[in-house]
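Report on the following structure.
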Amino acid sequence: MKEKDREQVKKEKKVDNLINIVENHTRTERHLEQYSEIGDLEFKEMARDKQKVREEQIHELKDQLVGVDKEVQTKEDQLKGIKTRYEFAEGYMENNKDRMNQEDLKNLKKKQENRKDQIESLEEDR
């Protein structure tokens with residue numbers, strides 16, 4: 149497969165992923181609105197946490213698809229954003245680790261390790 153074809157396939161997968169995340173976000177938001185009077189408070193909180201993660205994923209995918217150049221962003225902005233996502237994900241893991249699918253938990257931990265490495269790298273470049 150040619151490099152151009154691979155890039156096109158990658159973009160198509162990102163678009164598909166973005167569509168899927170937006171649909172899930174919309175559906176969950178609708179359920180939260182419709183059933184706000186009933187349901188377990190713990191599950192509602194978990195759904196809101198998932199919504200925040202989805203919103204972050206939507207933003208990241210959108211930036212990737214439109215070709216936002218990460219170098220345009222200052223290193224301080226990058227560091228601040230990564231730290232924010234790291235702290236949020238840590239809280240999410242702590243609050244939901246007992247209810248999370250083990251594969252999802254493993255993936256989130258790996259993502260956190262990558263974020264930690266990015267933070268350290270950006271702080272060294274200061």
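Its first residue numbered 149, the sequence shown is counted upward by one per residue in our numbering. Ideal placement from N, C-alpha and C gives every residue a C-beta, glycine not left out. Keep in mind it's a predicted model, so treat the numbers as computed, not measured.
Taking Tyr234 and Gln260 to be in contact with their CB atoms under 8 Å, please state how far apart those CB atoms are, rounded to whole angstroms. 6 Å
What is the residue span of the alpha helix (DSSP H) that Glu185 lies within? Counting along the chain, Glu185 falls outside any alpha helix (DSSP H), and DSSP gives it neither H nor E.
Could you check the C-alpha separation between Val157 and Val170 for me, to the nearest Å? 20 Å
Going by CA-CA distance only, name the one from Arg196, Leu189, Asn168 and Asn172 that's closest to Gly239. Arg196
Could you name the residues of the same chain whose beta carbon sits closer than 8 Å to that of Glu203, not counting the 5 residues immediately before and after it, in chain order? If you ignore the 5 residues before and after Glu203, its C-beta comes within less than 8 Å of the C-beta of His173, all in its own chain and listed in chain order.
Residues near Gln205 in its chain [Cβ-Cβ closer than 6 Å; skip 5 each side]: Ile169
Check this for me: beta carbons of Leu213 and Lys162, under 7 Å apart or not? yes
Can you tell me which of the three DSSP states Thr174 falls into? Looking at Thr174 - three-state DSSP - the assignment turns out to be helix.
Among the candidates Lys254, Asn165 and Asp153, whose CA atom is the shortest distance from the CA of Glu208? Here the closest residue by C-alpha is Asn165.
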